[in-house]
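Quick note on numbering: the sequence shown equals residues 695 to 780 in this note's numbering. Virtual Cβ for every residue (Gly too), placed ideally from N, Cα, C.
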Amino acid sequence: MNYDDKVKNRVKRIEGQLKGILRMMEEGQDCREVITQLSATRTAIDRTMGVIVSSNLVECVRKANEDGEDTDALVQEAVNLLVKSR
Numbered sequence: 695m696n697y698d699d700k701v702k703n704r705v706k707r708i709e710g711q712l713k714g715i716l717r718m719m720e721e722g723q724d725c726r727e728v729i730t731q732l733s734a735t736r737t738a739i740d741r742t743m744g745v746i747v748s749s750n751l752v753e754c755v756r757k758a759n760e761d762g763e764d765t766d767a768l769v770q771e772a773v774n775l776l777v778k779s780r
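Have a look at this one:
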């Protein structure tokens, strides 16, 4: 699968968030602030995973349709990936 620049930029922003959290910890910031940032990072990761799975699903379903394959299994696999991530 090819990952477009938007997805890569999401991951780079997450990387920046994590570096910021580590810096906060090293500086002894209040735990509530650290937890708030960790929660924001988790949300960003979850959304990025959703974008990747949905993009991949669209691509796989198109290819399966072209090849005359059943797409139900592909959809179920994508749903399972999203459920496992939570």
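Checklist entry - How many angstroms separate the CA atom of Glu763 from the CA atom of Val755? => result Your numbering for residue 763 matches position 69 in the sequence shown. Your numbering for residue 755 matches position 61 in the sequence shown. Spanning the two alpha carbons is a distance of roughly 9 Å.
Checklist entry - Do you know offhand how far Ala772's Cα is from Ala758's? => result Within the sequence shown, the letter at position 78 stands for residue 772. Within the sequence shown, the letter at position 64 stands for residue 758. Cα-Cα distance, rounded: 14 Å.
Item to check | Thr765 versus Leu751 - alpha carbon distance | outcome: The sequence position of residue 765 within the sequence shown is 71, counting from 1. The sequence position of residue 751 within the sequence shown is 57, counting from 1. Using only the alpha carbons, I get a separation of about 10 Å.
Checklist entry - What do you reckon, are the CB atoms on Ile715 and Val728 nearer than 8 Å? => result By 1-based counting over the sequence shown, the position of residue 715 is 21. By 1-based counting over the sequence shown, the position of residue 728 is 34. Yes. Within cutoff.
Item to check | Residues near Leu712 in its chain [Cβ-Cβ closer than 7 Å; skip 5 each side] | outcome: Translated into positions along the sequence shown, residue 712 becomes position 18. Taken in chain order, the residues that qualify are Thr735.
Next on the checklist: Distance check for Leu732 and Met743, CA to CA, integer angstroms please.
Outcome noted: For this step, residue 743 is matched to residue 49 along the sequence shown. For this step, residue 732 is matched to residue 38 along the sequence shown. About 16 Å.
Item to check | Gly762, DSSP secondary structure in three states | outcome: Taking the first residue of the sequence shown as 1, we reach residue 762 at position 68. Of the three classes helix, strand and coil, the one that applies to Gly762 here is coil, per DSSP.
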